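J.:
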Amino acid sequence: VAMNYLNQHAGDGHYMAINALATLTNHITAKSTIGPADLTPLAMMGAEYVGIAVRAESPLKTGKDVLDQLKKDPSSLSVAVGTALGNATHLSFVLSMKAGGVDIRKLKTVVFGSGGDSMTALLGGHVDMAASAPSAMLSQVQAGKLRIIVIGAPARLGGELAKIPTWKELGVNSAFDLWRGLAGPKGMTRSQVQFWDAALGALVKTDEWKKELADNQVENIYKNSAETALQWKAEYEEVKGVLLELGLAK
C-alpha cells in the first residue's frame, strides 16, 4: 500500500517511504507488482541482525552445535520465525544454514505471527530454537530463560550483545542485514537525490540519531543513494536464488 501510494507521486522529491528487504522479496514472490526498478533508492539507515536463541537448558550451546546437527539431519531441529516464510528473518537463518552446508530445502521452519510469538513458543518448548532480532529476545535473556548462541552480523556487536559470536567467527561466511532504509518514488531527478544524500548524510552524524539507534539495538549502516542502489541489486539476485531453491519465488 505504501509503495503504491508513493508511486502516485512519481518524480516528486517531497515524498519518501521507509522500506526494508520486503521491497525486494514481495516483488520476487509476486506479492507486489512494485519492485526496485519502480522506486528511487535514497538511503540505508540502520540494521539489526538475526540471532539464534535457545532455552537456557538447551543442549545446543553454540552455533556449531546447530550446524553439526542440521548437516546430519536438516529436519531434526525446529526453528521459529516471525510473520512469514521468505522474510528477512527467515532468509538470514536460511542463508547461514546454506553457507554452513545444510540442505535448506529440508529445514523445519515454524512461522508465528510476530517475533514475540516466536519467543513464547520457544519458552514453552514448542520449538528447539528461534531466529529473531535480538531486541525481541533480550528481556528473556536478561531473565535467564533464553540464550542467544550466535548472530548473523559481519562483526561482533556492542553493548549487551558483545559476548555473542558471529557466524563468521565459526567459519561460516554469512552475514545478513535486517535493514531499514528510505525510498522515493520513481522518476526523481539527480538534484532531488543529491538533496536527500546531503540531508540524510548529515542526519546520521548527529548525536540524537546515534542515541536513537543505540537505544534500540540498531546498527548504523548508512549508505547514500548510489550505494543503496548497488545493495538492492546484489541482494535481489542473492535472495531470488534462495527463494527459488525453497520454492517460494514466482
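All residue numbers for the sequence shown refer to the numbering used here, where the first residue is 211 and numbers rise by one.
Backbone N, C-alpha and C define an ideal beta-carbon position, used for all residues, glycine too.
This structure is a prediction, so every number in the text was calculated from the model and none was measured.
Considering just the uninterrupted stretch of the beta strand (DSSP E) at Asn466, what are its terminal residues?
T.: The question about residue 466 has no answer, for the chain in this structure spans 211 to 460.
J.: Could you give the first and the last residue of the continuous beta strand (DSSP E) run that contains Met254?
T.: It spans Leu249 to Tyr259 - the beta strand (DSSP E) in which Met254 sits, taken as one unbroken run.
J.: Taking the alpha carbon of Val449 as the reference point, which residue from Lys355, Leu280, Gly334 and Ser306 has its own alpha carbon closest?
T.: Selected option, being the one with the closest Cα: Ser306.
J.: With hydrogens ignored, establish whether the beta-carbon of Ile359 is closer than 6 Å to any heavy atom of the ligand GTP.
T.: Summarising the ligand content, the structure contains no ligands, and the ligand GTP is consequently not present.
J.: Is the number of C-beta pairs between the stretch 248 to 261 and the stretch 419 to 431 that are closer than 8 Å three or more?
T.: Yes, the stretch 248 to 261 touches the stretch 419 to 431.
J.: Can you list, in chain order, the residues of its chain whose CB lies under 8 Å from that of Ala343, leaving out five sequence neighbours each side?
T.: Glu258, Tyr259, Val260, Gly261, Thr299, Gly325, Leu388 and Gln427.
J.: Could you tell me how far apart the beta carbons of Thr376 and Val360 are, in whole angstroms, since I believe they sit closer than 8 Å?
T.: Their Cβ separation, rounded to whole angstroms, is 7 Å, which keeps Thr376 and Val360 in contact under 8 Å.
J.: What's the gap between the Cα of Ala439 and the Cα of Lys378?
T.: Cα-Cα distance, rounded: 26 Å.
J.: Would you call Gly391 buried or exposed, if buried means 16 or more other Cβ atoms sit within 10 Å of its Cβ?
T.: Answer is buried; the Cβ neighbour count reaches 16.
J.: What would DSSP say about Phe405, mapped onto helix, strand or coil?
T.: Three-state DSSP puts Phe405 in a helix.
J.: How big is the Cα-Cα spacing for Pro251 and Tyr215?
T.: Going by the C-alpha atoms only, they are around 16 Å apart.
J.: So, with DSSP's three-state summary, where would you put Arg476?
T.: A question about residue 476 goes unanswered here, because the residues of the chain that appear run from 211 up to 460.
J.: Is the beta carbon of Ile244 closer than 7 Å to that of Met213?
T.: Yes, the Cβ-Cβ distance between Met213 and Ile244 is below 7 Å.
J.: Nearest to Leu380 by alpha carbon, out of Gly311, Asp222 and Leu301?
T.: The shortest C-alpha separation from Leu380 is found at Gly311.
J.: Per the contact definition of three or more C-beta pairs closer than 8 Å, is the stretch 331 to 345 in contact with the stretch 262 to 281?
T.: The stretch 262 to 281 is in contact with the stretch 331 to 345.
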